[in-house]
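This report concerns only the one structure given below.
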Amino acid sequence: MGFDLATDLAARRRQHRLRQPLVMDGPCGRHACLQGQQFLNFCSNDYLGLANDPEVIAAFQNAAREWGVGSGASHLVCGHQRPHQDLEEALAAHTGRQRALLFSTGYMANMGVMSALLGKGDAVFEDRLNHASLLDGGLLSGARFRRFAHNDADALTRQLQRSEARRKLVVADGVFSMDGDEAPLSAYAEACEANDAWLMVDDAHGIGVLDDKGRGSLFAQGVNERTQILMGTLGKGLGTAGAFVAGSHELIETLIQFARTFIYTTAMPAAVAAATLVSLEKSRQDNWRREKLAALIARFRAGAVERGYTLMASQTPIQPILIGSDADAMALSSALREKGFLITAIRPPTVPEGEARLRVTLSAAHEQADVDALLAALEQCVRILPDA
Ligand code: PMP
0 MGFDLATDLA ARRRQHRLRQ PLVMDGPCGR HACLQGQQFL NFCSNDYLGL ANDPEVIAAF
60 QNAAREWGVG SGASHLVCGH QRPHQDLEEA LAAHTGRQRA LLFSTGYMAN MGVMSALLGK
120 GDAVFEDRLN HASLLDGGLL SGARFRRFAH NDADALTRQL QRSEARRKLV VADGVFSMDG
180 DEAPLSAYAE ACEANDAWLM VDDAHGIGVL DDKGRGSLFA QGVNERTQIL MGTLGKGLGT
240 AGAFVAGSHE LIETLIQFAR TFIYTTAMPA AVAAATLVSL EKSRQDNWRR EKLAALIARF
300 RAGAVERGYT LMASQTPIQP ILIGSDADAM ALSSALREKG FLITAIRPPT VPEGEARLRV
360 TLSAAHEQAD VDALLAALEQ CVRILPDA
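According to numbering that gives the first Met the number 0, the sequence shown holds residues 0 to 387 in order.
Right, dumping it as structure tokens:
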């Protein structure tokens with residue numbers, strides 16, 4: 000009764016759902032270091048291998064020397080420094096938008112956008128598998144909250160046609176974080192255009208990775224002009240931290256006035272913005288990173304299919320192996336750990352019941368031999384499962 004937290008925690012443990020942070024003893028790259036031991040790391044979102052790039056690190060260090068380690072205030076007080084402004088302009092140009100606005104995290108960007116634009120009398124339409132921050136943003140906004148079946152443009156269209164809301168906002172991940180598959184954006188754009196709705200895409204996992212300049216899902220699918228709101232994060236493909244929203248002058252002006260998660264929080268350190276300026280440029284120029292990644296993805300998929308594993312319909316660096324039960328996913332993850340591979344088991348409620356999985360993520364920092372070693376280790380580890 001009351002605050003009986005111990006009972007709740009014990010139940011969570013019994014369900015194999017207790018979450019525990021690992022204390023990492025080194026940088027997050029091709030390798031990860033844990034309690035003095037080196038692992039091959041297949042669970043970071045540093046898809047292009049930029050988080051430990053020497054030029055990005057140097058930009059961070061130089062800017063910290065020049066600007067200090069803290070911005071000292073929110074953007075609207077005195078925390079908006081020259082590197083923040085330069086990065087916003089670079090992100091707007093990169094994404095073909097009039098303006099871009101920085102947020103301290105992607106979670107805050109999503110919460111901020113939806114509560115600034117929507118309220119009572121409005122409606123938000125979300126893919127069932129949208130990221131938690133999009134679902135929370137929709138709920139926080141006070142708008143009528145509708146979910147549609149994963150990647151189902153017809154279901155979305157029917158919901159839009161029935162809606163009489165004042166403002167209708169359709170929201171989807173560009174690349175789904177736990178499945179790696181991509182949203183059918185041109186069908187969504189069509190549904191929005193036919194029903195006077197706006198489209199918002201969270202491209203946390205597409206920025207840097209998709210399109211020949213790394214401009215993400217909207218360019219890869221040719222819908223940039225038809226998507227009113229783009230949210231991207233800086234902590235994945237671009238290797239740093241934070242997020243941005245890009246769109247029209249009026250959209251950004253509205254966010255500056257009304258997005259509480261922008262207004263009432265300390266601006267990210269200028270050094271993060273300065274480092275991102277360099278990693279953004281590298282992500283544009285270094286097509287070899289995307290080419291290397293594509294080859295690693297193809298190699299991993301071919302090897303996994305050959306061994307009979309169930310993969311998802313993903314062409315992106317997120318390559319989960321569907322396991323099923325929480326206990327099996329946990330057992331596999333720890334067996335792989337013993338063999339020197341770091342891969343997280345993702346369990347409900349992050350994914351649906353019965354769909355626990357090993358979320359393998361690939362990076363341009365990996366080598367082909369790493370993928371081969373992972374496939375060989377997996378082959379040995381799956382033998383421990385009860386029905387293997
Ligand atoms: N959207 C998606 C699809 C994500 O995967 C994440 C990060 N896990 C976020 C938003 C949140 O971004 P951040 O980590 O910058 O808060």
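For each residue, glycine too, the CB sits at the ideal point set by N, CA and C.
- An exposed status is given to GLY67, since fewer than 16 other beta-carbon atoms sit within 10 Å of its beta-carbon.
- ALA303 and LEU133 have their C-alpha atoms some 31 Å from each other.
- Distance check between GLU88 and each of ARG356, SER247, GLN314 and PHE147 places SER247 closest, using alpha-carbon atoms only.
- Just so you know, the alpha carbons of ARG143 and LEU209 end up roughly 32 Å apart.
- For ASN109, there is no enclosing beta strand (DSSP E); the residue is part of the alpha helix (DSSP H) that begins and ends at 105-116.
- Not one heavy atom of the ligand PMP is found less than 6 Å from the C-beta of TYR263.
- THR104 has its Cβ nearer than 6 Å to a heavy atom of the ligand PMP.
- The three-state reading of DSSP puts CYS32 in strand, counting E and B together.
- Closest in C-alpha terms to LEU90, from the list ASN194, ASN150, VAL22 and LEU233, comes LEU233.
- When the beta-carbon positions are compared, ALA372 and GLY48 stay at least 7 Å from each other.
- The beta carbon of GLY136 sits closer than 6 Å to those of ASN109, MET110 and MET113, all from its chain and outside the five residues before and after it, given in chain order.
- Look at the region 44-131 and you find these whole runs of alpha helix (DSSP H), each 4 residues long or longer: 53-66, 81-93 and 105-116.
- A residue is called buried once 16 or more other Cβ atoms fall within 10 Å of its Cβ, and GLY353, having fewer, is exposed.
- Beta-bridge partners of ASN40 (DSSP): LEU341.
- Counted as a single uninterrupted DSSP element, the stretch harbouring THR264 is not any beta strand (DSSP E), since DSSP gives it neither H nor E.
- Under the DSSP assignment, VAL244 falls in the beta strand (DSSP E) whose first and last residues are 242-246.
- Counting only residues of its own chain and dropping the five nearest sequence neighbours on each side, VAL277 has a CB closer than 7 Å to the CB of GLU54, VAL55 and ALA58.
- DSSP lists ILE320 and ALA344 as the beta-bridge partner residues of LEU357.
- A direct Cα-to-Cα measurement between CYS77 and SER70 gives close to 8 Å.
- Taking 6 Å as the cut-off, the C-beta of ASP201 counts as close to a heavy atom of the ligand PMP.
- Relative to the Cα of PHE102, the nearest Cα in the group GLY231, GLU125, ALA131 and GLN314 belongs to GLY231.
- By DSSP's assignment, TRP197 forms a beta bridge with LEU168.
- With 16 or more other CB atoms across the displayed protein chains lying within 10 angstroms of its CB, TYR106 is buried.
- Fewer than three pairs of CB atoms, one per stretch, sit closer than 8 Å, so the region 22-32 makes no contact with the region 244-261.
- Note on PHE2: under 16 other CB atoms within 10 angstroms of its CB, so exposed under the neighbour-count rule.
- The alpha-carbon separation between PHE218 and HIS149 amounts to approximately 21 Å.
- For PHE144, the enclosing beta strand (DSSP E) stretches over residues 143-147.
- Judged by beta-carbon spacing, PHE124 lies within the 7 Å limit of GLN158, meaning their Cβ atoms are closer than that value.
- Taking a contact as a CB-CB distance under 8 Å, the pair ALA9 and ALA274 does not count as one, their CB atoms being some 43 Å apart.
- For the pair PRO183 and GLY236, the Cα-to-Cα distance works out to about 21 Å.
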